[in-house]
Amino acid sequence: MSETNPAATPAVPADAAPHRYTAAVAAEIEARWQDVWDAEGTYAAPNPTGDLAGDPELVARPKKFIMDMFPYPSGAGLHVGHPLGYIATDVYARFQRMTGHNVLHTLGFDAFGLPAEQYAVQTGTHPRASTEANMKNMVGQLRRLGLGHDKRRSFATIDPEYYKWTQWIFLQIFNSWYDTDARRARPIAELVEQFAAGERPVPGGRAWADLSEVERADVLGEYRLAYASDAPVNWCPGLGTVLANEEVTADGRSERGNFPVFKSKLRQWNMRITAYADRLIDDLDALDWPEAIKLQQRNWIGRSEGARVDFPIDGEHITVFTTRPDTLFGATYMVLAPEHPLVEKFTPAAWPEGAHQVWTGGHATPAEAVAAYRAQAASKSDVERQAEAKDKTGVFTGAYATNPVNGEQVPVFIADYVLMGYGTGAIMAVPAHDSRDFAFARAFELPMRCVVQPTDGRGTDTDTWDDAFGSHDAAIVQSTGADVSLDGLGVTDAKARITEWLERSGAGEGTVNFRLRDWLFSRQRYWGEPFPIVYDEDGVARALPESMLPLELPEVEDYSPRTFDPDDADTRPETPLSRNDEWVHVTLDLGDGPKKYRRETNTMPNWAGSCWYELRYLDPHNDRQLVDAEIERYWMGPREGMPHGGVDLYVGGAEHAVLHLLYARFWSKVLFDLGHVSSAEPFHKLYNQGMIQAYVYRDSRGIAVPAAEVTEDDGAYLYQGERVSRLLGKMGKSLKNAVTPDEICAEYGADTLRLYEMAMGPLDVSRPWDTRAVVGQFRLLQRLWRNVVDEETGELSVAEVAESDVDADTLRALHKAVDGVRQDLEGMRFNTAIAKVTELNNHLTKAGGPVPRPVAEALVLLVAPLAPHVAEELWRRLGHTDSVVHRDFPVADPQYVADETVTCVVQVKGKVKARLEVDPAISDEELEKAALADDKVVAALGGAGIRKVIVRAPKLVNIVPA
Ligand code: ANZ
């Protein structure tokens, strides 16, 4: 039998009753209701004001903004794995609508991106044309699923009306700076005022009035939240573009394409996300996100508390960053990153006396040694340099600095395990307590001093050690200087005392360091948002005024970035936009008369469009503002339990833990600081759905074969007569195991697909797709149908009785189901909700006879969020003229929900010893077990054996001891 084609037992036997629920019936119902919903705007969520204002009664309700991570319109279309999250949010949104909320639920497209551009390069098709065709296809696929989206609010990030505002936000960021005292972004004009008024010293010490335009621009560039800089960036010649740190793998290659990535100095746009490092960490606390994702963000931002310490040298000093200032007495040498700018300055002309061969590497002079080592270090990635296991390399600079706490002269080395981009690019080395320093000190025969009393039995004589002692839970020793002593203190207290001493003596200060780097924001691409920036004749970057937005992408001949030999680090990018002279060189009037300008020719990274899209759903057609303030406050503003505001529920894959979610949080905070929005966080609650996996079948060469053509024979899997292996993997075209929603909809209908995806398991767990199991949910819908519609006549088959006439068993089954399904839907436990619906439906089937109307109606309402088409159809057949979508979800009557129990009397030797509350349906065996396990009964028996137990379930147990 075929593994993925279940048609062996047709879902509809040939002799089927004429009015049975079949795939054809499902198809007809689904198409019909989708048209009605569209025509009637059933899912339109009214805004309190503006062009989407509507029904004040709905607006007055509590609101819910329920959102999916929007898709990239890939040419491959959707497979059944993609809509898992969309169906889940749809079920949840429908449930919220039925429980009295004004629900905003919609979906747009994240449509800039590389695949369309690559396709354009190969075929000459404009990326817009292929992207729009893909979107059209996906819109069709999604529509079939019956998702209750407010379609008036959908858009794509490539729409110029949308990216106008992406560009506008860029300009807000460009035109602001971070005031570290106020802990918020402020307009750059306010900084200029402070400089001009002399309220804030101008870096460089000159008066603001004395600076030229170019000099002023340079000063402001040091403050702007979006700035161009020549800092070393990740240059990937194989892709022809630079990449953000987040896009580079741990082994220094491009996440996409796996090309080598080099550090190269290129002038690029950056976003000063580091200004927000502490707030990005602090504000996580109030968010309802999976702990694992919060942890990944915290680690990525990498907050380290420690101190800066100045080591004097030649009348100046080298500043180090340390997280262990308590070990200052144990610092026996220093290390600078090879690129550190002070290296030349302090390197003496000749080796000092006593500089032995291992330190100098045999070089004639310090300058020679430094140059040789620098050349060697430059060829390595940061990750290679930091690898724990690697042999420590380095070289003495010939210089000595002074340990400020004890006046000791410590040699200064350069070594590649110290990175320029972290802390200050210089460390104090404490070999006794840091494992990297320990390895280095052993290799270079450097002294060590134990300053933290080992707690593992070894003594303080480091000669006998074979690794560093790194514990934080121990006492400080050998740490007494002229005016400070740490001896006997624990690590935490010692840190506090030494930091206080550093600050008092002017040798340093307590500080917090972050691992996070600024966000590299330009790409050498065509298919992205152009920067709204032009350069004047002096090369000063000028913002385009809002009236010139959107700045649209020009039509070009050639979409390709120039790529290079992936291993050639010396190459330089060439952007597709730069090849269009007419677009690049323009005469514009930016308020000071027409002048010649050159446009920025990079484009924004494809994360830009997804940094703020939640805001545009709120007010999608607003051409005067990003979003109306009242509308934003209504849907996203801070409220009870959500101090920073944000979307009520955001569902998507866990792979976006850092990139998208960090960038979007950053933009939210800038917009919040500048007063454009009331929410300082974009997404209050985040939920990561699991993945739908699929079996991958491979032949003996390891090549995936089409899963749909594999047959199973006695536990073996065969493809064209040959045995193939089977493993669970990803679903997708490349593994030849994709199943499309279209196939399943055609075979069973969208309601069955929705139920199956929701029933497969808890939403956050990955699960294997099994086409053969889909029919189970189809049968559930058939039974549901049969409980309301007569299969022979097509007439309504319910019993027209009042709820008071329904038998107690059925009422109990109904209200328990209502109670359970309600809780499950609220808690996003869709699989168990379906199990409870199934149970109730089976109860009704088993009970036989027509289903009482009140029960049938409640059942249909319970099903409505999960299988909306069949529910709408049955609801109308039950005689209602309004849509089921806005009906109230049933509420359980507590009298039927509480489990009924009976009191069972337990006698020992005829005397009542205990009373048990038990289920009336309990079996004799279970009741006997429960009675014998009861403490009072055990006490009454006092260890005596048992001769006989008489059980009359559920009311009596009589025990006769031996
Ligand atoms: C002395 C010391 C003693 C250190 C000790 C550690 C243990 P995190 O926690 O990651 O922030 N360090 C500082 N700057 C560095 C750089 N640019 N490249 C490589 N290493 C650097 O790590 C901070 C610690 O890493 C600092 O504290 C410093 O070593 C080292 F028992 O200073 B420590």
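In terms of the working numbering, the sequence shown is residues 306 to 1267.
Virtual Cβ for every residue (Gly too), placed ideally from N, Cα, C.
The three-state secondary structure of residue 1107, taken from DSSP, is coil.
In this structure residue 530 is in contact with residue 478, their Cβ atoms being roughly 5 Å apart against a cut-off of 8 Å. In the DSSP assignment, residue 432 falls outside any beta strand (DSSP E) and within the unbroken alpha helix (DSSP H) covering 432–448. Nearest neighbour of residue 1010 by Cα position, chosen from 997, 996, 1028 and 1020, turns out to be 1028.
Beyond the five residues adjoining it in sequence on each side, residue 892 comes within less than 8 Å, by CB distance, of 899, 900, 901 and 902 in the same chain, given in chain order. A check of alpha carbon separations from residue 346 across 353, 334 and 359 identifies 359 as the nearest.
In this structure, residue 383 and residue 1057 do not form a Cβ contact; the two beta carbons are roughly 17 Å apart against a cut-off of 8 Å. Here residue 770 has 763 as same chain residues with Cβ atoms under 7 Å from its own Cβ, once five neighbours each way along the sequence are excluded.
Rounded to whole angstroms, the Cβ separation of residue 612 and residue 804 is 5 Å, and the two are in contact under 8 Å. In this structure, the CA atom of residue 425 is about 13 Å from the CA atom of residue 860. Residue pairing by DSSP places residue 893 opposite 900 in a beta bridge. Within the chosen limit of 6 Å, the ligand ANZ reaches the beta carbon of residue 626 through at least one heavy atom.
Residue state for residue 822 is assigned as coil, using DSSP reduced to three classes. Relative to residue 449, the option among 343, 879 and 1239 whose CA is nearest is 343. Look at residue 914 here: in three-state DSSP terms it is helix.
Looking at 1117, 1160 and 635, the one whose alpha-carbon comes closest to that of residue 1107 is 1160.
For residue 1220, the enclosing beta strand (DSSP E) stretches over residues 1216–1223. Following the DSSP letters along the chain, one finds residue 1185 in no alpha helix (DSSP H), marked with neither H nor E.
Cβ-Cβ distances below 6 Å link residue 909 to 833 and 834 in the same chain, with the five nearest sequence neighbours on each side left out; the list follows chain order.
Distances between the C-beta of residue 724 and the heavy atoms of the ligand ANZ include at least one below 6 Å. For the stretch 778–827, the full-length beta strand (DSSP E) segments reaching 3 residues or more read 813–819 along the chain. Around the C-beta of residue 562, fewer than 16 other C-beta atoms lie within 10 Å, and the residue is accordingly described as exposed. Taking a contact to require three or more Cβ pairs closer than 8 Å, the stretch 920–931 and the stretch 350–359 qualify as touching. Between the C-alpha atoms of residue 431 and residue 465 there is a straight-line separation of about 16 Å. A Cβ-Cβ contact shorter than 7 Å links residue 837 with residue 854.
Contact between residue 986 and residue 951 holds, with the beta-carbon distance rounding to 4 Å and staying under 8 Å. Taking 6 Å as the cut-off, one finds no heavy atom of the ligand ANZ near enough to the beta carbon of residue 865. When rounded, the separation of the alpha-carbon atoms in residue 446 and residue 1047 is 7 Å.
For residue 1251, the enclosing beta strand (DSSP E) covers residues 1251–1257. Under the three-state reduction of DSSP, residue 848 is assigned to strand. For residue 1050, the enclosing alpha helix (DSSP H) starts and ends at 1046–1053. Within the same chain, and ignoring the five residues on either side of residue 660 in sequence, the residues whose Cβ sits closer than 7 Å to its Cβ are 701 and 703. For residue 991, the enclosing beta strand (DSSP E) starts and ends at 991–993. Across the structure, residue 402 and residue 1215 are spaced so that their CA atoms are roughly 59 Å apart. Looking only at 645, 632, 778 and 644, the smallest Cα-Cα distance to residue 710 is reached by 632.
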